[in-house]
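For the sequence shown, position 3 matches number 1324 in my numbering, and the numbering has no gaps at all. Just so you know, even glycine gets a beta-carbon here, dropped at the ideal spot from N, CA and C. Input: a single structure, listed below in structure tokens.
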Amino acid sequence: MNRRIFLIGLPGAGKTTMGLDLAVDLGIQFVDLDQDIEKSEKRSISEIFEIKGEAHFRQLEKLQLEKVILELDSFVMATGGGTPCFFNNLKSMKDVGEVVYIDTSIEEIEARLVLDETRPLMKSNSLKDLLDKRKGWYNQADHTIRKYKDLLALFS
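Structure representation (structure tokens):
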């Protein structure tokens, strides 16, 4: 059975961790959109933001999302935190699969990210600011979950 599952949420919400676990449990491929962009550009996301700017990164992100959708029939994807908020990315994801918002508390994310210097938008935005800007997109997901067991229950 073909499955395309897109995980959305704030940076540090657990998209990669939960996505990897779900892909293993379902026996399908895991895709980390940011890691794919870093591989194709041979630069970190931070470097892309610094050298080319956010607008350029968002274009790369859109193109990589479209590429994965075209090339793979089944996968679990950890998107970047802003992926659903730009272009028609959210519609593209919803048209071909299911979108799951991982609604992790700001306090839990802050505890996880306390030493993380690799997230470019975290340098100029608080998590609350990002959530305020993105919540409208996140709330359009097909499902909202908080814990891995809830994610697994959706797809098993």
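Query, Result
"Nearest by alpha-carbon distance to V1417: which of D1342, I1423, D1463 and S1426 is it?", "D1463"
"I'd like the ranges of any beta strand (DSSP E) spanning at least 3 consecutive residues and lying wholly in the segment 1414-1475.", "1419-1423 and 1464-1466"
"What is the DSSP secondary structure of M1339, counted as helix, strand or coil?", "helix"
"Cα separation between I1369 and D1357?", "13 Å"
"For a quick check, are the C-beta atoms of D1450 and G1330 less than 8 Å apart?", "no"
"Does DSSP classify F1396 as helix, strand or coil?", "strand"
"Out of F1408, D1453, V1397 and M1398, state which residue places its alpha-carbon closest to the alpha-carbon of L1381.", "F1408"
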